[in-house]
Each structure stands twice: as structure tokens, then as C-alpha cells.
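**Student:**
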Amino acid sequence: MSKLQMVYAALVVLTMSAANFNGYAVTAMLAGKQAASRGVNAYHK
Amino acid sequence: MDDQPSGSPPAQPVPPRAPGRPRTFACPSCGGTVTLRAVGQSISATCSQCSSLIDVADENLRIIEAAQSAMQDAEIPIGARARLSDIEWEVVGYMRRSDGPGDFRWTEYLLFNPYRGYRFLVEEYGHWTLVKMLNRDVPEAGKQGWIEANGRSYQFFGKGFARTTYVAGEFFWRASTADVTAVTDYIAPPYRLMVEKNDAEIIVSEGEYLDARAVATAFNTPLRTPSSAGVSQVNPHKPSLMVIGFAVIAATMLQLTSLAISANALVGSQTYQLTAADKGKTLSSGTFRLNRSGNIEIETGAYLINDWLELDMALVNVDTNESYPAFQSLEHYRGTDSDGDWEEGGNNGTVLLPPVPPGTYKLLIEPDAGLFAKPSSPLPVTVAIRYDVPIWSNYLIAMALLLAVPAISMIRRMMFEKSRWEKGGVAE
Numbered sequence: 351m352s353k354l355q356m357v358y359a360a361l362v363v364l365t366m367s368a369a370n371f372n373g374y375a376v377t378a379m380l381a382g383k384q385a386a387s388r389g390v391n392a393y394h395k
Numbered sequence: 020m021d022d023q024p025s026g027s028p029p030a031q032p033v034p035p036r037a038p039g040r041p042r043t044f045a046c047p048s049c050g051g052t053v054t055l056r057a058v059g060q061s062i063s064a065t066c067s068q069c070s071s072l073i074d075v076a077d078e079n080l081r082i083i084e085a086a087q088s089a090m091q092d093a094e095i096p097i098g099a100r101a102r103l104s105d106i107e108w109e110v111v112g113y114m115r116r117s118d119g120p121g122d123f124r125w126t127e128y129l130l131f132n133p134y135r136g137y138r139f140l141v142e143e144y145g146h147w148t149l150v151k152m153l154n155r156d157v158p159e160a161g162k163q164g165w166i167e168a169n170g171r172s173y174q175f176f177g178k179g180f181a182r183t184t185y186v187a188g189e190f191f192w193r194a195s196t197a198d199v200t201a202v203t204d205y206i207a208p209p210y211r212l213m214v215e216k217n218d219a220e221i222i223v224s225e226g227e228y229l230d231a232r233a234v235a236t237a238f239n240t241p242l243r244t245p246s247s248a249g250v251s252q253v254n255p256h257k258p259s260l261m262v263i264g265f266a267v268i269a270a271t272m273l274q275l276t277s278l279a280i281s282a283n284a285l286v287g288s289q290t291y292q293l294t295a296a297d298k299g300k301t302l303s304s305g306t307f308r309l310n311r312s313g314n315i316e317i318e319t320g321a322y323l324i325n326d327w328l329e330l331d332m333a334l335v336n337v338d339t340n341e342s343y344p345a346f347q348s349l350e351h352y353r354g355t356d357s358d359g360d361w362e363e364g365g366n367n368g369t370v371l372l373p374p375v376p377p378g379t380y381k382l383l384i385e386p387d388a389g390l391f392a393k394p395s396s397p398l399p400v401t402v403a404i405r406y407d408v409p410i411w412s413n414y415l416i417a418m419a420l421l422l423a424v425p426a427i428s429m430i431r432r433m434m435f436e437k438s439r440w441e442k443g444g445v446a447e
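Going line by line, the protein sequences match chains A and B. Just so we're aligned, residue 351 is where the first sequence starts under the numbering used here, counting upward by one. Just so we're aligned, residue 20 is where the second sequence starts under the numbering used here, counting upward by one.
#1: Using DSSP with H/G/I as helix, E/B as strand and the rest coil, what is B:Ala160?
#2: Apply the 10 Å Cβ neighbour rule to B:Arg232 and answer buried if 16 or more other Cβ atoms are within range, or exposed otherwise.
#3: Assign A:Ala368 to one of three DSSP states: helix, strand, or coil.
#4: Given a cut-off of 8 Å on the beta-carbon distance, is the pair B:Pro41 and B:Val53 in contact?
#5: Going by DSSP, what residues sit across from B:Arg171 in a beta bridge?
#6: Got a sec? Which residues, its chain only, sit under 6 Å from B:Gly389 by beta carbon, not counting five neighbours each side?
#7: With a cut-off of 8 Å, does the C-beta of B:Ile317 fall near any C-beta of chain A?
#8: Residues of chain A with a CB under 8 Å from the CB of B:Ile410: which are they?
#9: Since B:Ala266 meets chain A, which of its residues come closer than 7 Å, beta carbon to beta carbon?
#10: Thinking C-beta only, is B:Ile83 closer than 8 Å to B:Ser63?
#11: Alpha carbon to alpha carbon, how far is B:Asn336 from B:Ala426?
#12: Output needed for B:Tyr113: all residues of its chain with C-beta closer than 8 Å, excluding positions within five of it in sequence on either side, in chain order.
#13: Are B:Leu273 and B:Arg405 closer than 8 Å when you measure CB to CB?
#14: Please check the pair B:Arg135 and B:Ile166, which I expect to be a contact at CB under 8 Å, by giving their CB distance rounded to whole angstroms.
#15: Taking C-beta pairs closer than 9 Å, name the residues in chain A that B:Gly313 reaches, listed in chain order.
#16: So B:Tyr365 packs on B:Tyr352, CB below 8 Å; how close in whole Å?
#17: On the DSSP bridge assignment, give the partners of B:Met457 in chain order.
#18: Check the Cβ of B:Asp338 against every Cβ in chain A and list those closer than 9 Å, keeping chain order.
#19: Using a Cβ-Cβ distance cut-off of 8 Å, determine whether B:Val262 contacts chain A.
#20: Beta-carbon within less than 6 Å of B:Arg203's beta-carbon, same chain only, minus the 5 sequence neighbours each way: which residues are those?
#21: Please state whether DSSP places B:Met433 in a helix, a strand or coil.
#22: Can you find a CB in chain A that lies within less than 8 Å of the CB of B:Asp105?
#23: What in chain A is Cβ-close to B:Asn413, meaning under 7 Å?
#24: Which residues bound the alpha helix (DSSP H) around B:Gly507?
#25: Taking Cβ-Cβ distances shorter than 8 Å, what residues in chain A pair up with B:Ala270?
#26: Using a Cβ-Cβ cut-off of less than 7 Å, list which residues of the region 415-444 of chain B approach chain A; keep chain order.
#27: Excluding the five sequence neighbours on either side, which residues of its own chain have a C-beta within less than 6 Å of the C-beta of B:Val157, listed in chain order?
#28: Can you tell me whether B:Asn413 is helix, strand or coil according to DSSP?
#29: With H, G and I counted as helix, E and B as strand and the rest as coil, what does DSSP make of B:Phe123?
#30: Counting pairs of Cβ atoms below 8 Å between the region 191-211 of chain B and the region 255-275 of chain B, do you hit three or more?
#31: Nearest-angstrom Cα distance between B:Ile280 and B:Ala207?
#32: Please report whether the beta-carbon of B:Asp407 lies at a distance below 8 Å from any beta-carbon of chain A.
#33: Measuring CB atoms only, is the region 309-329 of chain B touching the region 372-390 of chain B, in the sense that at least three cross pairs come out at less than 8 Å?
#34: Relative to the C-alpha of B:Leu383, which candidate in B:Thr43, B:Cys49, B:Leu229, B:Ser304 has its C-alpha closest?
#35: Assign A:Val357 to one of two classes, buried (16 or more other C-beta atoms within 10 Å of its C-beta) or exposed (fewer than that).
#36: Rounded to whole angstroms, what's the CA-CA distance from B:Val424 to A:Ala369? Just pull it up for me.
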């Protein structure tokens, strides 16, 4: 259990720091639809 | 012999004797063969043919109790041998017992070793306890709360009555299905203290929890696996906070570091006076330069009263014409109804774009708003653009995920204790 906890805790901390230092918000990535592309974006493609 | 027997028998010490060979005699009731394994020490024995209970200390082999109810098999048969606590034991008898109402049942196997005396191996719902009678006095026995016994602090667990409902094999007292004792239980997992009292005596026994697999291995027989908590089983769900504690500290340090190194720079801020004439138009911010890769946060604010605003935006790299879409919707309504004042929505919002490469950018905005459909005064809309902003949501999610571990462990621990206290005690 303790080993499993160590792996789990390490994964959580590493994922958090990787996302943080690269400028990603996990919530925004999970939402995925925050940037609905409509007219103005179509215009610029 | 260095130990005394335990359970509901008389408390007098068993005299030492050399190991003897089993003796057989004919059952006075049915003529079947009765085998005595603890010769010279057994007081009563049951006939394996008719299950009559015989007084073997009586030279006429008096029948204590005529044939009981139908023969009941036990998980461990009489005559089985096993090494428990580094001592070789032989099962010489067993009895079924229950609490007063009969809701809670257990089996007590009588173990015998000619040099070490007797022990009881108690089985209750798949949990096993090796029980030994205490020779010393326990003055607080029977008291509710915490008591000290045999160098341990015991917590009161329950009290009630224990009835013997079936006996098989041989015993060092005159066993009978008429036996009823008042029982008080205490626990200090993996230990358990049992105080049995009847009109003649008080017997205090101490048991130690045994793993079911160890018992099965010792007797070389398959035994059922317990599905719930045992009365004196050590709670296996220990909230180990050390690993999670280190992870929380590490995550906090990393979060503080990311806050310290984030530029969090305001690269553009503009207020647009939105009117109905802007319908269908595309508004543009001034250009700004990003020297290194980083995320972009667009913060929008508008003073809305019972109105809405949608901004369809694109962050455009003017060098490559690469665009990064974003969308922001604001609405703010308020009023009064039978429940009083109400309000929903808000006047501010932010949207975070993933990291964009270095370059020169501008923000294009295509607005849509409630004011486009009705005559209205200009609506000031402020759009601020921040670059390389620190992110708190990742840290908060990490904290939730990390703290969930001890929380789940604590819940499981509490559920185990609930299960222990629900089914372990002898009902009053």
C-alpha cells in the first residue's frame, strides 16, 4: 500500500509540476471546449 | 503441565501427567465406540454415534445428556492436529455457542497438548482466536470502560449471555447444552479478554487473533475467508500520512516556485465602447510581442444588468497568421421574486489559452450582445491580456487527489471499526 501510495503521489506531483511549468491548466485541458471556434476564427484560417 | 484450561470450565488446575494413549469404551446409550484422547483429564465426552453426553469420570459412565439434536460437523474435525504458537495441539472437542437471542454464533474448539494443557480455538464468522485462561486475578473484570489485564489496556466491547447449543468430543468439565454464562468482552487488538461468570465461578481468558490462512495452513484444511471485521482483528487500514505529507510539501514547494518564475505580465488592456453599430464587426487589440513561449489569459469585464455578452476571440500571430481561438460568455441578471432578491451570473470572466510560441500577436474580437437587439447606451467592455500567468487550479486538483488518499483510508478504517462493533459483541 505504501509503495502504491508513493507511485500515486509521485505521479500526481509530477503531473502537476509538468503542467504548471509548461503553462497548462488541467481543468482547461479537460474542458477542451473553452475555445469554441466561430466566425472570427473561421475568418482567419 | 504449565497452563490451565480456559473457557467455561472449572478453574482448578489440571494435574500434570505423562502423555497417554487414547482409550476407547462402549457408549452406555447406543453401544457405539467412544474414544478418549485426553485420558485422565476429560470429565465428559460425547458419543460419535448417538452424540449422547457421557460422564467419563463416573465409573458407571453416567449419561449426562441423552442424544442431542442431529450431529453437527465442524470445520476442523476432532483428532486434527496443528502447530499454533509453536505448540502442537490436538482438537479433542468443540462446542457451538450463541448469545442470548441466538443472533450471534460461534464455535469453540478445545485443543489439548499433554504437556501444555488446554486452549480454546474460537471461530466466529471466519475469524479465529486462540484463547488461554489467565491464572492471575483481574480485579476490574466485568467493569465497563477500560481495564488493565495481563499488562494490556483493554477496552470494553460488550456483555451478555453465552449459551452452549451443541457439544461434541471430550471436555475437562461436565459440558452440557444447558450451560449458560454471563460474558463480558474487552478488546485490545489483536488481543481479547473474555470474562465468563456463572453461579460458581468467574473465568478470565485472554485470546489472540489468528489469521484464518495461518489456521488453515496449520490444520492443512480449507477454511472460509472472513468477509468482515473480526472482534479482535487489528484494523488493517492505517492512515499513512508520511508519503502523502511529503507529496503535499513537494507540490506546495513546486507551486511556489512556479509562482515565483511566472512573468504574469500584462501585455495588453483595452476598453471598447460597444454599441449596436458594432454588430457584425471585428474589433482588434493593439499588437504585442512575446519573447518566449507562455500561456495567455484573457480577462474580460463588462457592467451588465439583466443582459448578456459573448466574445468570440482569436489570438493571431501576425507573423505567421496562426490563430488560437477563445470564447468568453458573460451574463448578469438580478431581480426580486417571492423569495426576495436574486442574482445570477457575473460581470467578469477569464479564459486561459495554452502556451503559444514567441512572436507578435493581436487579439481579434467578434462581439455579440443583448444590446444589439435593443436601443441602449454604449456598453464599456474591458479586455486585458496577460502572459505567462501562474496556474492555481493544477495545485488545487493535486491537493484534492493527494488528500483523497488519507481521506479514503480514514473512511475505510472507520467502516472497519463500524463492522467490528456491529457484529463482535454479545447482545445484551
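Idealized CB from N, CA, C, for every residue including glycine. Note that the coordinates shown come from a computational prediction; the quantities given were computed from them, not determined experimentally.
**Tutor:** Quick answer:
#1: On the second sequence, position 141 is the one that residue 160 of chain B refers to. B:Ala160 falls in the coil class under three-state DSSP.
#2: The residue given as residue 232 of chain B occupies position 213 in the second sequence. When all chains shown are included, B:Arg232 counts as exposed.
#3: On the first sequence, position 18 is the one that residue 368 of chain A refers to. Helix.
#4: Locating residue 41 of chain B in the second sequence gives position 22, counting from the first residue. Locating residue 53 of chain B in the second sequence gives position 34, counting from the first residue. No, these two residues do not count as a Cβ contact at 8 Å.
#5: The count along the second sequence starts at 1 and reaches residue 171 of chain B at position 152. Answer is B:Ala168, bridged to B:Arg171.
#6: Taking the second sequence and counting its residues from 1, the one referred to as residue 389 of chain B is at position 370. Correct list, in chain order: Asp326, Trp327.
#7: On the second sequence, residue 317 of chain B is found 298 positions in, with the first residue counted as 1. Chain A contact via Cβ: absent.
#8: Against the second sequence, residue 410 of chain B aligns to sequence position 391. By Cβ distance, chain A contributes Ala369, Asn370, Gly373, Tyr374, Ala375.
#9: Translated into positions along the second sequence, residue 266 of chain B becomes position 247. The contacting residues are Ala359, Val362, Val363.
#10: Here residue 63 of chain B refers to the residue found at position 44 of the second sequence. Here residue 83 of chain B refers to the residue found at position 64 of the second sequence. Yes, the pair counts as a contact, with Cβ atoms nearer than the cut-off.
#11: The residue given as residue 336 of chain B occupies position 317 in the second sequence. The residue given as residue 426 of chain B occupies position 407 in the second sequence. Each residue's Cα considered, the two are about 47 Å apart.
#12: As a working mapping, residue 113 of chain B is identified with position 94 in the second sequence. Cβ within range, chain order: Ala93, Ile95, Ile97, Thr126, Glu127, Tyr128, Leu129, Val186, Ala187, Gly188.
#13: If you number the second sequence from 1, residue 273 of chain B lands on position 254. If you number the second sequence from 1, residue 405 of chain B lands on position 386. Their beta carbons are not under 8 Å apart, which means B:Leu273 does not touch B:Arg405 by this criterion.
#14: Numbered from its first residue, the second sequence carries residue 135 of chain B at position 116. Numbered from its first residue, the second sequence carries residue 166 of chain B at position 147. So it is not a contact: roughly 27 Å between Cβ atoms.
#15: Residue numbering aside, residue 313 of chain B sits at position 294 when the second sequence is read from its first letter. Those are Gly373, listed as they occur along chain A.
#16: Position 346 of the second sequence holds residue 365 of chain B. Position 333 of the second sequence holds residue 352 of chain B. Checking the sequence shown, residue 365 of chain B turns out to be Gly, not Tyr. A Cβ-Cβ distance of about 10 Å is found for the pair B:Gly365 and B:Tyr352, leaving them out of contact under the 8 Å criterion.
#17: The first residue shown for chain B is 20 and the last is 447, placing residue 457 of chain B beyond what the model contains.
#18: Numbered from 1 along the second sequence, position 319 holds the residue referred to as residue 338 of chain B. Neighbours of B:Asp338 on chain A: none; closest Cβ ~13 Å, over 9 Å.
#19: As a first step, residue 262 of chain B must be located in the second sequence, where it is residue number 243. Cβ-Cβ to chain A under 8 Å: yes for B:Val262.
#20: The sequence position of residue 203 of chain B within the second sequence is 184, counting from 1. Reading off the sequence, residue 203 of chain B comes out as Thr, not Arg. If we look at B:Thr203 and ignore the five residues flanking it on each side, its Cβ neighbours are Gly161, Lys178, Val214.
#21: Locating residue 433 of chain B in the second sequence gives position 414, where the first residue counts as 1. DSSP places B:Met433 in the helix class (H, G or I) of the three-state scheme.
#22: In the second sequence, the residue the question calls residue 105 of chain B occupies position 86. B:Asp105 does not count as touching chain A.
#23: Here residue 413 of chain B refers to the residue found at position 394 when the second sequence is read from its first residue. By Cβ distance, chain A contributes Met366, Ala369, Asn370, Ala375, Val376.
#24: Any property of residue 507 of chain B remains undetermined from this structure, which presents chain B solely from 20 to 447.
#25: The residue given as residue 270 of chain B occupies position 251 in the second sequence. Neighbours of B:Ala270 on chain A, chain order: Val362, Val363, Met366, Ser367.
#26: Ile416, Ala417, Leu420, Leu421, Val424
#27: Sequence index remark: in the second sequence, residue 157 of chain B carries index 138 (1-based). Answer for B:Val157: Ala168, Val223, listed in chain order.
#28: Position 394 of the second sequence holds residue 413 of chain B. Residue state, collapsed to three classes: helix.
#29: Sequence index remark: in the second sequence, residue 123 of chain B carries index 104 (1-based). Of the three classes helix, strand and coil, the one that applies to B:Phe123 here is coil, per DSSP.
#30: Because the criterion of three Cβ pairs below 8 Å is not met, the region 191-211 of chain B and the region 255-275 of chain B do not touch.
#31: Residue 280 of chain B sits at position 261 when you count from the first residue of the second sequence. Residue 207 of chain B sits at position 188 when you count from the first residue of the second sequence. For B:Ile280 and B:Ala207, the distance between alpha carbons rounds to 53 Å.
#32: To locate residue 407 of chain B, count along the second sequence from 1; it is residue 388. Under the 8 Å criterion on CB atoms, B:Asp407 is classed as interfacial with respect to chain A.
#33: yes
#34: Within the second sequence, the letter at position 364 stands for residue 383 of chain B. Ranking the options by Cα distance to B:Leu383, first place goes to B:Ser304.
#35: Along the first sequence, read from residue 1 onward, the residue named residue 357 of chain A stands at position 7. Burial call: exposed.
#36: Taking the first residue of the second sequence as 1, we reach residue 424 of chain B at position 405. Taking the first residue of the first sequence as 1, we reach residue 369 of chain A at position 19. Using only the alpha carbons, I get a separation of about 22 Å.
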